């Protein structure tokens, strides 16, 4: 019992199996996580080291270089970068994709341990951090109301933050805006001098008094007691009453000396206040507080955001009525919107494919059976995605969309063959078994042809880097969908056909009416189209040189025209927000930055329409920076969604054009568009400048930046660089010899100055369950001017107070903020953001020219250009290799199917032709070629060859049946026109929604759909004419070669006969006799073949062996006409053979008579 027969003989079991699979698919669909892109592992590790108050150059020399030298030997390392800042070193390590980062982390720790003893003693232990996309916030909530920012922050920290951090999926809540609460201990300098104390000493005493420690355990009366010493402050009075020192008063002779306790309240002002402000937050220019929500690693963003939204709804009801929590930014909105648009495109594409099926088949039952394969295959695919761990994202849904048009092909092939059996009046069950069993091998081969296209990408995912990780989901989704369609075609379709596909017979009444008229009109249309196409193929065969050279010229023109279409790295994503990064000169205060941002915001409001929210943050810091960045700010404009947007309101693209005009209105201020959190788009063009001389490096970077700003304004929107203005600095120059004499060291001096000016956190005070920092510092009046530094006292190793002025002096300088290095050499990167739509190759050549014309060459300086163009070229090379490997695999599958090494090459001619359609569709739509286009080409290679396979395979079949070469080419083309049109249209039309109406956020997938649409449309059309032509040319040469070989053989035989003494007349007589025998043998063979064909006509399937692009069941009338034509052809052949036989006999008789006359004459 065959595989198919098992399913057909057990229809109930088969149906139940598919019902269970669909039910599992439905369950898995609602269980699949939702995300914008697939989960990607970023191959980055960071080594973070703190180094007191050391300057950038000291950090670089004594810390960063030592770490770089050791870490450069870590296995799998691709690039080593570092940043040396005041008091901090960051070493950023980029690994090759596919590197085991857990093993790499262990290797990093081992390398650090090797050089730990060589690091400065003041430096803390290096910390290894693994980069994770989940470190970026997924939501931004704003708390607003008529209260001070400090009051709102207190509410946020005490109530909102704890409640939100309890939610599953939420990792942390970062509070921005307002001032953080603290217990401030302000000490006037004169009191420190009076009591001989220092800020550091007082901070140490506070920390020593506010502790809780364990004292072990003790057993008493058979009970084990744990011992705890609780010395934590319970009130602010406890802190004020802390004894700082003891003094003994002199005895008056009559009494013992008394001990005087010096308490904190005696020398300092202790109060509950706020820390120095480092950040400001505004919502629509009103002071507010923002909550940045970060999700847990491995958790789904959409699920976490939904839980936060529900929690915010409850919190809005619980907090004071004059306050409200507003969701001002949510990265998951675009995720849901994007995936919704892709799913909508999938559904519309499926419906359009079914409509195309019905137009061609004009049978509800047939259309239902084939159309049913789409949702069933989709749900089984979703189930396989669930078990493979693939989320519902833009890439995976794009793969499903690309597979929609191909899901029906296998089912059509099987159904058409079953229908052919039904037309011979075979029983339904027998027809289902035989019709599908005959097609199993061919549709399996065809499916493998498409599947093998994606195998190289799956196998070489690591080599493709981030693009490989992204499109791995697409490859698996298409593979799953094609395998599912194969399973449905060989298991479910035969069962449905055995039950629901009776042979329709049209009654007399049905020969009238609208339905009949429509059917006849379609039949007439397809017949006329087929006849016209046949005449077109015949004309092309007779003018094949003109046709081929025309196509070749068109192909060359298409490749030449690429330079006019242009390149971009990634399509520009649409989102409902734009963000501006604003940077003022270093040293700018928080208030100064806030004023510039407010002015800029007002200008933007004057031109923008449809702004929903404007959220602004000024200042801030992160673990990647060594101090608060008071000179930086971010303005984010949030617009209404497309469905809420009124006519004339701006979206992100129109808003960028308007806002960009104000970039140069603020001298000394850098303004640029920041990349959205969800975006994987353009990073711009990067000019890398390397030089060991820091001054020369900075000067060259400045010259490059100025040259680009001056001469590149027509194609560059903004130019930024790692080069930062020198930070205004009061440098304390220490006299080391004098310092050593006084019993001091640099670390203790730096720590005391930092504590006095910035304050030092002595301990934490707990109030109502919340920990508040206790900050000890000099009183504000004693730390306002540079001259106040001279009056700071430092405690030496003997307990004496030494003024700073006795061993150091203050100099006003500027210092480098950050020193950048790459692969162990100093580097500065200048980044140019370019005008949207300008081709990358043009940008690259213009930047090269600007640098060559304006930057003097210096052997000590190295300038290289990287960025989008270099990344795209790298992707082209990698994906080009993948496409070549895929084409080789397709060739192997076709060669195995045809058992020929020539026929696959005929089919492969369709691939370059399809590129004409790709270039044309990009030119028509005005879309730039990009990296995603390459992925579309890979998909196209797997689909375009199927039409050629159909034609070549069916032409071979007709040739075996005795058709002449030209007749076989024309007849095969005419017979397969409808199947090719149907398969092409189901694929192309299903892609139209995504190709031309992608919706906001879906532009990343549009190039794939556009590429396949253009390539399939033009490639399939040209395949209908090119394949017969190439087949005719190749096989004509084969026949000529065979004839030449036969002629050579005949000539050799003739020479041998002449050598044996035969005369020319004898040889001619023997050749005539041989030809007669051959003719009679051929005639007999033709009669035998005709009889055999007529006998097997009812059971023989005219479909091609390889039928991935579906042959369609012809109508009963057409089938009869075809049979009649074949019978007439056989009769003609029989008559022709008989005539040849008679002519042979007559010729023989004439030759005998001539010979007889010659003999008579001789006599």
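In the numbering used here, the protein residues as written are 100 to 1262. Positions of the beta carbon are idealized from the N, C-alpha and C atoms, including for glycine. Being a predicted model, the structure only gives us computed values, none of them experimental.
Assigned secondary structure, residue i (DSSP; H/G/I helix, E/B strand, else coil)
| i | result |
| --- | --- |
| residue 444 | helix |
| residue 122 | helix |
| residue 484 | helix |
| residue 949 | helix |
| residue 669 | coil |
| residue 546 | helix |
| residue 391 | strand |
| residue 972 | helix |
| residue 1055 | helix |
| residue 929 | strand |
| residue 641 | helix |
| residue 1104 | coil |
| residue 958 | coil |
| residue 878 | coil |
| residue 886 | helix |
Closest by C-alpha distance to residue i, when choosing among the options
| i | options | result |
| --- | --- | --- |
| residue 566 | 1129, 1035 and 1133 | 1035 |
| residue 637 | 191, 1092, 1068 and 179 | 1068 |
| residue 384 | 444, 1079, 733 and 804 | 733 |
| residue 361 | 290, 1144, 844 and 317 | 290 |
| residue 251 | 702, 103, 598 and 276 | 276 |
| residue 663 | 694, 1021, 129 and 302 | 1021 |
| residue 510 | 497, 528, 986 and 538 | 538 |
| residue 1043 | 1121, 1091, 1105 and 1089 | 1121 |
| residue 813 | 770, 760 and 829 | 760 |
| residue 254 | 278, 269, 977 and 237 | 278 |
| residue 369 | 1086, 864 and 739 | 864 |
Residue i, buried or exposed, once every other Cβ within 10 Å from all chains shown has been counted against 16
| i | result |
| --- | --- |
| residue 476 | buried |
| residue 1031 | buried |
| residue 996 | buried |
| residue 111 | exposed |
| residue 167 | buried |
| residue 700 | buried |
| residue 839 | exposed |
| residue 577 | buried |
| residue 238 | buried |
| residue 667 | buried |
| residue 428 | buried |
| residue 317 | exposed |
| residue 156 | exposed |
CA-to-CA distance, residue j to residue i, given in whole angstroms
| i | j | result |
| --- | --- | --- |
| residue 570 | residue 677 | 27 Å |
| residue 1082 | residue 433 | 34 Å |
| residue 341 | residue 331 | 11 Å |
| residue 461 | residue 1150 | 60 Å |
| residue 1178 | residue 530 | Because residue 1178 carries a pLDDT of 47, less than 50, the predicted location of this residue cannot be relied on, and the following value inherits that uncertainty. Straight-line Cα distance between these residues: approximately 40 Å. |
| residue 906 | residue 890 | 12 Å |
| residue 857 | residue 285 | 11 Å |
| residue 188 | residue 163 | 6 Å |
| residue 506 | residue 584 | 5 Å |
| residue 415 | residue 425 | 9 Å |
| residue 1017 | residue 257 | 59 Å |
| residue 835 | residue 308 | 35 Å |
| residue 998 | residue 1061 | 20 Å |
| residue 919 | residue 926 | 6 Å |
Cutoff 8 Å; reference residue i; Cβ partners in own chain excluding five residues on either side
| i | result |
| --- | --- |
| residue 795 | 957, 959 and 960 |
| residue 630 | 1073 |
| residue 435 | 133 and 401 |
Sequence-distant residues of the same chain with beta carbon closer than 7 Å to residue i, five excluded per side
| i | result |
| --- | --- |
| residue 885 | 829 and 909 |
| residue 1200 | Bear in mind that a pLDDT of 39 at residue 1200, under 50, signals an unreliable position, so the number given afterwards is only what the model happens to contain. Result list for residue 1200: 516, 519 and 537, in chain order. |
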